[in-house]
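Undergrad:
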Amino acid sequence: MGCDESESRNVKYSNLAEMMLHYCHAAVVRNDMHELYRRMIFNILTTCDDDHLRNHAFIWDEAIGGWRLSPLYDVVPRPSISSERYLHLGVGTQGRLATLDNALTEHRAFGLSQQAAAEIVSEVWEVVRNWRTHFVESGVEGKDLQTIASAFRVIDEIASNNVRRVLP
1 MGCDESESRN VKYSNLAEMM LHYCHAAVVR NDMHELYRRM IFNILTTCDD DHLRNHAFIW
61 DEAIGGWRLS PLYDVVPRPS ISSERYLHLG VGTQGRLATL DNALTEHRAF GLSQQAAAEI
121 VSEVWEVVRN WRTHFVESGV EGKDLQTIAS AFRVIDEIAS NNVRRVLP
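Residue numbers (full-length UniProt numbering): 1 to 168.
#1: In chain order, which beta strand (DSSP E) runs of at least 3 residues are fully inside the UniProt domain "HipA-like C-terminal" (9-131)?
#2: Please say whether residue 58 and residue 45 have beta carbons closer to each other than 8 Å?
#3: Going by DSSP in three states, residue 135 sits in which element: helix, strand or coil?
#4: For residue 159, does the three-state DSSP call read helix, strand or coil?
#5: Between residue 19 and residue 32, what straight-line distance do the alpha-carbon atoms span, to the nearest angstrom?
#6: Tell me which same chain residues have a C-beta within less than 6 Å of the C-beta of residue 110, skipping the five on either side of it?
#7: Taking 8 Å as the threshold, find out whether the region 92-102 comes into contact with the region 151-165 through three or more Cβ pairs.
#8: Could you pull the start and end residues of the alpha helix (DSSP H) that residue 145 belongs to?
#9: Tell me the DSSP secondary structure of residue 166 in three-state form.
#10: Quick one, are the C-beta atoms of residue 23 and residue 67 less than 8 Å apart?
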């Protein structure tokens with residue numbers, strides 16, 4: 001991106017998407033941009049605010065002879081009691097504010113229609129809202145569930161009525 005990691009608070013997810021258009025292989029760039037949007041939504045829903053530039057990477061894919069988005073790594077939901085939460089990178093027109101309304105303001109930068117962006121929100125929400133079941137099935141104990149519970153957002157708290165109406 002041509003900036004030092006100390007400058008990453010001035011970078012938005014849409015800046016990463018724009019960079020991907022220039023450097024990622026044409027065969028994967030559209031899907032990778034959609035995946036980046038999906039990751040931003042996941043970070044909003046799980047209060048994963050450790051999303052600085054060093055936690056986004058690209059790998060050389062020998063099969064296509066070009067760059068692509070790396071697999072996801074270093075994802076740590078952060079418990080919080082604050083009703084207003086922020087990601088490290090900018091989300092949308094309201095800066096780093098971690099809401100679905102804010103995320104949907106930038107859908108075009110990821111090559112998404114509003115409907116496609118809403119479908120991604122719905123898809124990620126379907127997985128995240130069942131976090132407790134996944135954790136229990138993985139052997140996480142009750143006291144640990146209580147410790148992490150406040151990291152997981154309730155969609156009604158981070159989406160306006162207008163946004164909830166466009167979700168499938």
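We put the CB at the ideal spot given by N, CA and C, even for glycine.
TA: In terms of the structure at hand:
#1: Listed in chain order, the complete beta strand (DSSP E) runs (minimum 3 residues) inside the UniProt domain "HipA-like C-terminal" (9-131) are 58-61, 66-69.
#2: Their beta carbons are not under 8 Å apart, which means residue 45 does not touch residue 58 by this criterion.
#3: DSSP places residue 135 in helix when its eight states are reduced to three.
#4: Residue 159 falls in the coil class under three-state DSSP.
#5: The alpha-carbon atoms of residue 19 and residue 32 are separated by roughly 12 Å.
#6: 17, 33, 37.
#7: Yes: the two stretches touch, three or more of their Cβ pairs being nearer than 8 Å.
#8: Going by DSSP, residue 145 is part of the alpha helix (DSSP H) stretching over 142-148.
#9: In the structure shown, residue 166 sits in a helix (DSSP, three-state: H, G or I).
#10: Between residue 23 and residue 67, the C-beta spacing is below 8 Å.
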